[in-house]
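Each residue of the sequence shown is one higher than the one before, starting from 1 at the first, in this note's numbering.
By construction, the Cβ of each residue, glycine as well, lies at the ideal position given by its N, Cα and C atoms.
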Amino acid sequence: MKIYTIGYEGVNKNSFMAWLVNYKIDIVADVRQRPLSRKKGFSKNGLCESLSENDIEYLGLPSLGVPKEMRDELKSTGNYSSFFKKYKDSLSSKSQEINELFIKISSGKRVALLCFEHDANKCHRIVLAEQISKLSKNGFEVRHLAPL
């Protein structure tokens, strides 16, 4: 089983949708704390519409997003190690949401964790994907979607 992650930084909506269709994604789990974007088509309503047109389910999980104070601290310090540790610690109170994702993936659904950042190694979704994977006896493969 696999967990997919995807960031929409630097891509347009059509290319983004093509990635999802190509990888046969069933569910996009939006893990942004605020599902808004200055980038056309990536705020919640526009994204839901585009996903629906491609028979992809939208699952909004803003509670799995990064709190503003953590984002602000990362911006001022650039310390990703500290950022990822604090985010991981914050997930201890999010077991219901993490279990929901685990169940969907375990049932064979192809779930992509969505955030803005293109580089998954600089985004909280890598930590989240690893935490979900730990619930599986054999772990899940984490796959970061990139341009086709």
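{"Check": "Simplified DSSP assignment, three categories, for TYR87", "Outcome": "helix"}
{"Check": "Residue from LYS94, ALA120, GLU9 and SER63 whose Cα sits closest to the Cα of LYS153", "Outcome": "With the chain covering only 1 through 148, there is no way to say anything about residue 153."}
{"Check": "Where ILE25 falls: helix, strand or coil (DSSP)", "Outcome": "coil"}
{"Check": "Identity of the residue in LEU145, CYS48, GLY139 and ASN54 nearest HIS118 by Cα", "Outcome": "LEU145"}
{"Check": "Stretch-stretch touch, CB-based, cutoff 8 Å, three pairs: the segment 71-81 with the segment 98-112", "Outcome": "no"}
{"Check": "Check: LYS94 C-beta below 7 Å from any heavy atom of the ligand GTP", "Outcome": "Of ligands this structure carries none, so the ligand GTP is not represented either."}
{"Check": "Contacts around GLY41, its chain only, beta-carbon distance under 7 Å, and the 5 residues preceding and following it disregarded", "Outcome": "LYS13, LEU47 and SER50"}
{"Check": "Backbone secondary structure at GLU204 - three-state DSSP", "Outcome": "Past the edges of the chain, shown from 1 to 148, lies residue 204, and the structure says nothing about it."}
{"Check": "Own chain residues within Cβ distance below 6 Å of SER37, not counting five before or after", "Outcome": "SER43"}
{"Check": "Burial state of GLY7, where buried means 16 or more other Cβ atoms lie within 10 Å", "Outcome": "buried"}
{"Check": "Limits of the alpha helix (DSSP H) - the one that ALA146 falls within", "Outcome": "Careful: ALA146 lies outside any alpha helix (DSSP H) and carries neither H nor E."}
{"Check": "Terminal residues of the beta strand (DSSP E) in which CYS115 lies", "Outcome": "111-115"}
{"Check": "Continuous beta strand (DSSP E) assignments of at least 3 residues falling wholly in the segment 18-72", "Outcome": "27-30 and 57-60"}
{"Check": "8 Å Cβ cutoff met for ILE132 and PHE102", "Outcome": "yes"}
{"Check": "Cβ-based burial, ARG32 [other Cβ within 10 Å; buried from 16]", "Outcome": "buried"}
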